[in-house]
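Trainee: This is the structure I have questions about; it appears just below.
Residue numbers (mature numbering (1 follows the signal peptide of the UniProt record, and there is no 0)): -30 to -1, 1 to 46.
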């Protein structure tokens, strides 16, 4: 019984940590300006395939564009 309770506690703690760490990314992006957001996002787009790089670039434009902050604030 004690072992099961301990496992449940550990799983709950891990879930809380995952939830908090996923929100930290959004907080960090909100503090950065749009140029910094795009720069950080596009830096991760290094690919050998130019089509994949272009696709990643488009996703960064959407993620860091002017509407992105408004969508994060409203939850849309």
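In this text, a Cβ means the ideal position worked out from N, Cα and C, and glycines have one as well.
1) Determine contact between the segment 7 to 15 and the segment 24 to 32, defined as no fewer than three beta-carbon pairs at a distance below 8 Å.
2) Starting from residue 27, trace the alpha helix (DSSP H) in both directions and tell me its first and last residue.
3) Taking only the alpha-carbon atoms, compute the straight-line gap between residue 31 and residue 19 and give it to the nearest angstrom.
4) Suppose the cutoff is 7 Å on Cβ atoms and the five residues either side in sequence are ignored; what does the same chain contact list for residue -10 look like?
5) Return helix, strand or coil for residue 14, following the three-state DSSP convention.
Mentor: Working from what's here:
1) Segments in contact, yes.
2) 20 to 34
3) Taking the straight line from one Cα to the other gives about 19 Å.
4) Result list for residue -10: empty, nothing under 7 Å.
5) coil
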